[in-house]
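Q: Line by line, the protein sequences give chains P and C. First residue of the first sequence? That's 1186 in this note's numbering, and the numbers climb one at a time after it. First residue of the second sequence? That's -3 in this note's numbering, and the numbers climb one at a time after it. I'd like to ask some things about the structure below.
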Amino acid sequence: MKFLPVSDADRSEMLGAIGVSSIDDLFASIPAEVRKSPDLPPPLSEIEVRRLMGSLAGQNANARETAFFLGAGIYHHWVSAIADQMLYRAEWLTSYTPYQPEVSQGTLQSIFEFQTHMCLLTGLDVSNASLYEGASALVEALLMASRLTRGRRKAVLSAAIHPEYRETVRTYFARLGLTAVDVPIGPDGATDTGALEAAVDDDTFAVAVASPNFYGVVEDWEVGSRVAHGKGALSVAVVAEAVSMALLAPPGERGADIACGEAQSLGVPMHFGGPVLGFLTCRSDHQRQLPGRLVGETRDAEGRRAFCLTLSTREQHIRRERATSNICTNQGLMALAANVHCSLLGKRGLREVALQSHAKAEYLKGEIAKVAGYGVPFTGSTFNEFAVEAPEPAAPLLARLARRGILAGVPLSRWEPGSPNRFLVAATEMNTREEMDRLVSSLRETS
Amino acid sequence: MSVEVDEEAGTAFSDRRHPEPRHEPLVFERSGQGKVGYSLPPLDVPDIVAIPRHLTRAEIAGETEVTEVEVARHFTRLSKLNVSIDETLYPLGSCTMKHNPRVNEEVARLPGFAAAHPLAPEEVSQGALELGWRLEKILAELTGLARVTLQPAAGAQGELAGILMVRAALEKKGRPRSTVLIPDSAHGTNPASAHFAGYQVRELKSNARGTLDLHVLEEAMTDDVAALMLTVPNTLGIFENQILEIARIVHAKGGYLYCDGANFNSFVGVAKPGAMGIDVMHMNLHKTFSTPHGGGGPGAGPVAVTEELVPFLPRPTIERRQDGSFFLDGDRPESIGRLRTFLGNFGMFVRALAYISQYGNRIGEVARGAVLNANYIRAGLADVYHLKYDAPTMHEVVFSDKKQSERGVHAMDIAKRLMDFGFHPPTISFPLIVYGALMIEPTETEAKPGLDAFVAAMREIARESEEDPEIVLKAPHTTPVRRVDEVGAARNLLLRWRPESPER
C-alpha cells in the first residue's frame, strides 16, 4: 500500500524485536467474536479516485461557472491564489495544535496575527484562535455571556439572526436550562426596537442582534447594546458576512461586548458550507471567560519575542467538566487563510471589497425592483444581500434559473413556509454587471 | 542520530537546519504606507454607499499595507518555524499524526466541491449529497452501526451530539437520568461534553491494568446513569479486553455505551464497535481518516449510532429516494436539532472518502501498521523508560519520566530535548493518571528507519539524563526560539498587536 512504508523484511525484524510471530498476536486483547473485516470494494488508484471525485464534483453547480448570487451565510468572495497556495505548504497543512511552542512558532504567530485582524475588524480587544463556524460561535458567545451574568437564564435573540444559528442555540440551550426568545422584525427588516425593549428583563443575560442581518439589512448595534445594558445584560453582535465589517461601524465602537459569527468571507472558499471559520471577540475584562484557544506573546529563555498558547486553565484538557467550552480542535487552517487574506488585502483592499460588494448589490436591487411583479419587501438599508418578493413561488423559479446557469438566490421558504415567494439575493466583488443584467432579464422573461 | 555537544557552552550546535535563531516580524510590522497587495476589476456599476453615515466606519486603523511579495515572504518564513509530519516523525499521542495524501487536497479543491454552495437547489447539488451519503455508508460499515451523522465539526462536537442523542432516547423513555460515567484516563473533552449535554460527571478509577475496573463500574452503574463514555482503546493505548462484559453491565441498567473513537486508528477494519455492544461512537476524520490537522483544524467528528438512536440524529440527514436521487431531510421530529450550519465540514468528507477509497477492503492494514509501529517503539524503550501499565499496547504507548525525574529531568524536558534531535515531541502530561506521561503514537505511516532514529534519540536522552542532565534541562538548543516562557505569557497577557500610536 502506497501509504504504508514498512517493508516486508523490516516487518519481520520488527516482529522479532517485539517478540511475537505475527501482527495478529498484537491484537489478542480484542475479543475474537468482534473481529470482523469490513465489506468494502478493492482499493482505488489515484487515477480512479480523481475519476470518482471528478464525476461527483461535476454534478454540482459551482460559482466559477455560473452567474452566482447565493448567500444566506456563505458567500462567494475572491480568494487570492496565494491564500490557497499557502495552505498547501506542509508546514501549515501537516502540523497540529501548537502545544509545543518551540517547534510551532509559525502557527502561533499566525494565530496571533489572526486574533489581531479580528480585533481590528470588530473593534474589540481580544479574539480567540477561531471556532467551528458562525452558529456554534453564537452559542459560545451566549454561554460566555451567561457565565458573566451568573444566575440569569434568558437570551433575547433578534429573529433576523440566521435561522440555523437560532436553531443551533436551541439545541445547546435545551439541556442547560437556558431559554432563547426571538424578537420580531419591523417593516424595515430590522429588529423591532419596541419588541426588543419589551423582551429584555432582569433575567436576560444577553441581547443578540445581527448586522447585516439575515435579510441583509444593516442594523445599529447601539440599539441592542442600549437595551441590553439597561437591564445589566451583555450585548452580542452577530456577523455572518464578515466582509461587511470593513465598511460598517464595528460592533466594539457601538456598545457591543462580544462579537461573533462567520468569517468564511475572508479568504475561505464556500466548501458546500464547511470548513468555514467561526470567530469570537470580546472586551478585555471578559477575556477569562473566552472559550477555545488563545495565543499570547511572551519571551523565550534568551529574551526573544515568542508566542504560545495561554490561559489554558479555561480549557477542557485542564478544567474538564468545568471548562468554558468542550472545544478542542478548531479551524486552524481556515484562520491561516483568513490571516493571509486580510494581510494581503489590508487596509485598502478589505474596504474596497466591501464597497464593491455593496455597490453591486445596490445596482442589482434597483434593477430587480424594476421588473414587473418583483419587489423589495424591506425598506431598511442593506449591505450586499437583500430579500426579493417574486410574483410566484421562489423555489421552483430558482431551480429553473439554476438549470440555465444562474444561481439567482436562496428561497426563504426553507425556513419561512409563510413566505413562499421570497428569496435572498447576494452580490460580491465577483459578480459582473453583465451577470447581473442577465439575472434581471431572465426574471423578466419568466415573469 | 547523534548530536554533537559543545561541552563548554552546554549547547548542541549540530542542527544543520537552523544554525541561527530566527525571527519574523509581525505582518503588521511589515506595513509601508501606500503599499497594496491586491487588485480588483474596476467597478462596473455606480459607486454609491447607500448606508447612513453613522452606521459606517472610517478606515481600519492598523490594518496592513503590504504587497504580495511581502505576504509570500512572511508566510513562507513563518511556516519554516513549524515542524510538520512531512518533515519528521510527529508522535503526538492521541492525535494520530499520519501522512496526509495529497490527492485528497487536490480533489477537495475541485470547483464542484470548493465553489459549491450548501443552499443551491437540490437538483444541482446531487454530487455533493451523494458524496456525503457514500461516506456515511462506509463509516456505518466500518463501525458496524446503523447510521451516521456527518454534521459535527470536530470530535468534541461529535461527543456532544452523541450524548444529546442518548439523552433524547432516555427522555423518550421517561427521564434523561443525571450522570455520565467517565474513566479517569479520558480526554478532557469527554467530561466537558457531558457537562454541556446537561449531565453530572462521575469519574471512574482505572485498575492496575490501566483499564476499567468491572467492580467499580458495577457499583457506579445505577439506573440514574445515562451513559458510560469509554475511549477504545483507552488513552494508555490499552484495549478494554472486557468490553463485552462492560457493555452488558451498562445495558443491564438501561444505560448506553458511548465510544470515544479518537483511537479508532488502532482497530479500523479489524474489529467493529457495533459488535462490541457500543451504541454510539464518534470518529475524528482528521485522525483515523487522514484529513490534515492544519495547525489545529479543521476537523470533523461524524457520529455512528445503533438503529434505536437513528430518530435522534441531528437534522438534516441525507436520504435517497426511490429514483436514486438524494435529498436533505429536515423533517425529523425526534431529532436533537442542529449543531451548526449546513451539512458539516464537507471539505473533510471529500478528503476522508478519497482516503478510505484508496485502502478499500484493505483498510485493516492501517490498524495493523499502527499497532506494529507502537509496539516496536515500546520494545525499543521499555528498558530505559518506566512503563506504568504493561498491558498490551495498541496504537500508542505511554511511558513516564519516573526514572529520569530522579535526576531532576521531567517529561517536559525530555520533550524539549527531542526537538534537538529533529522530532516533534510526544504528548506529555496526559493521560493524567500517569504522572510525567510521555504518550507516543507513531502511526502506521512511519518506516523502520524513522522509528529506529526516534528510539535512538530517546535512549540518548535517557543517557544524558543520567550523565549530563543540564543539556536536557536547558533544551531545546536548536529550535527557532529557546524554551518559551508560558507562565509569563499567562501572567502578562498580550493577546494581540496594537498600532503604536492609536489612530482611532
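The beta-carbon is built from N, C-alpha and C at its ideal position, and this holds for glycine as well.
1) To the nearest angstrom, how far is the alpha carbon of C/P310 from that of C/L160?
2) Would you please state the rounded distance, in angstroms, between the beta carbons of C/D416 and C/V405? I believe it to be under 8 Å.
3) Once you ignore the five residues that flank C/T287 on each side, which residues in its own chain have a CB closer than 6 Å to its CB?
4) Are C/L156 and C/V221 touching if we call contact CB-CB under 7 Å?
5) Taking CB distances under 7 Å as the criterion, tell me whether C/Y381 reaches chain D.
6) For P/K1532, decide whether its Cβ has a neighbour in chain C, counting only Cβ atoms nearer than 7 Å.
7) Exposed or buried, which one is P/G1302 when buried takes at least 16 other CB atoms within 10 Å?
8) Can you tell me where the beta strand (DSSP E) with C/H278 in it begins and where it stops?
9) With respect to the beta strand (DSSP E) encompassing C/A204, which residues constitute its N-terminal and C-terminal limits?
10) Around the C-beta of C/F9, are 16 or more other C-beta atoms found within 10 angstroms, so that it is buried, or is it exposed?
11) Per the contact definition of three or more C-beta pairs closer than 8 Å, is the segment 79 to 93 of chain C in contact with the segment 1458 to 1470 of chain P?
12) Find the residues of chain P that neighbour C/M93, judging by a C-beta separation of less than 7 Å, and give them in chain order.
13) Would C/A471 be called buried (16 or more neighbouring beta carbons within 10 Å of its own) or exposed?
14) Give me, in chain order, the residues of the same chain whose beta-carbon lies closer than 6 Å to that of C/T145; leave out the 5 immediate sequence neighbours on both sides.
15) Determine whether the beta carbon atoms of C/R413 and C/P465 lie at a separation below 7 Å.
16) For the alpha helix (DSSP H) containing C/K283, name the first residue and the last one.
17) For P/R1607, which three-state DSSP category applies?
18) So what's P/F1492 in DSSP terms, helix, strand or just coil?
19) Which residues mark the beginning and the end of the beta strand (DSSP E) in which P/D1367 is found?
20) Verify whether the separation of the beta carbon atoms of P/L1306 and P/M1186 is less than 7 Å.
21) Quick one: grab the DSSP three-state call for C/R13.
22) Can you list, in chain order, the residues of its chain with a C-beta nearer than 7 Å to that of P/I1203? Leave out the 5 residues immediately preceding and following it.
23) Who are the neighbours of C/P107 on chain P, taking C-beta pairs under 8 Å?
24) Comparing alpha-carbon positions, which option in P/P1578, P/G1517, P/C1493 and P/E1620 lies nearest C/V480?
25) Could you compute how far the alpha carbon of C/G540 sits from the alpha carbon of C/S331?
26) Verify whether the separation of the beta carbon atoms of P/V1288 and C/H289 is less than 7 Å.
27) Please give the ranges of any beta strand (DSSP E) in the segment 339 to 406 of chain C, keeping only runs that are unbroken, at least 3 residues long and fully inside the region.
28) Spatial neighbours of C/G33 within its chain, please: CB distance less than 7 Å, with the 5 preceding and 5 following residues excluded, ordered by chain position.
29) If you follow the alpha helix (DSSP H) that P/Q1501 is in, where does it begin and where does it stop?
30) From this set, C/I352, C/L305 and C/A57, which residue's C-alpha is nearest C/K133's C-alpha?
31) Do C/E167 and the ligand ADP come close, with the Cβ less than 6 Å from some heavy atom?
32) Since P/T1376 and P/A1418 are thought to touch, with beta carbons under 8 Å apart, how far apart are those beta carbons, to the nearest angstrom?
33) Between P/R1607 and P/A1580, what straight-line distance do the alpha-carbon atoms span, to the nearest angstrom?
34) Hey, C/P445 and C/G297: beta-carbon distance below 7 Å or not?
35) Below 7 Å on C-beta distance, what does C/G333 contact in chain P?
36) Do the segment 265 to 273 of chain C and the segment 355 to 366 of chain C touch if we need at least three Cβ pairs shorter than 8 Å?
A: According to the structure shown:
1) 9 Å
2) Incorrect: roughly 14 Å between the Cβ atoms, too far for contact.
3) L281, M344, R347 and A348.
4) no
5) Reference to chain D is not applicable here, since the protein chains of this structure are P and C.
6) yes
7) It is worth fixing the name first, because residue 1302 of chain P is His in this sequence and not Gly. When all chains shown are included, P/H1302 counts as buried.
8) Taken as a continuous stretch (DSSP letters only), the beta strand (DSSP E) holding C/H278 covers V276 to M279.
9) Unbroken run through C/A204: none, as it is neither H nor E.
10) Confidence at C/F9 is low in this model, with a pLDDT of 39, below 50, so the placement of that residue should be treated as unreliable; the coordinate-derived value is given next. Answer is exposed; the Cβ neighbour count stays below 16.
11) no
12) Y1281
13) buried
14) V299, L309 and P310
15) no
16) Note, C/K283: premise wrong, no alpha helix (DSSP H); not H, not E.
17) strand
18) In the structure shown, P/F1492 sits in a strand (DSSP, three-state: E or B).
19) T1364 to V1368
20) no
21) For C/R13, the predicted structure reports a pLDDT of 46, less than 50, and the residue's modelled location is therefore unreliable. The matter cannot be settled from this model.
22) none
23) The CB of C/P107 comes closer than 8 Å to the CB of A1242, N1247, A1248, R1249 and E1250 in chain P, given here in chain order.
24) P/C1493
25) An answer regarding residue 540 of chain C cannot be provided, because it is not within the stretch -3 to 500 covered by chain C.
26) no
27) List check, beta strand (DSSP E) in window: 393 to 396.
28) V62, T63, E64 and V67
29) Q1501 to R1504
30) C/I352
31) With respect to the ligand ADP, the structure shown offers nothing to examine, as it has no ligands at all.
32) The Cβ separation is near 15 Å, so there is no contact.
33) If you draw a straight line from the Cα of P/R1607 to the Cα of P/A1580, it is about 9 Å long.
34) Contact: no.
35) The answer, in chain order, is E1352, R1355 and T1356.
36) yes
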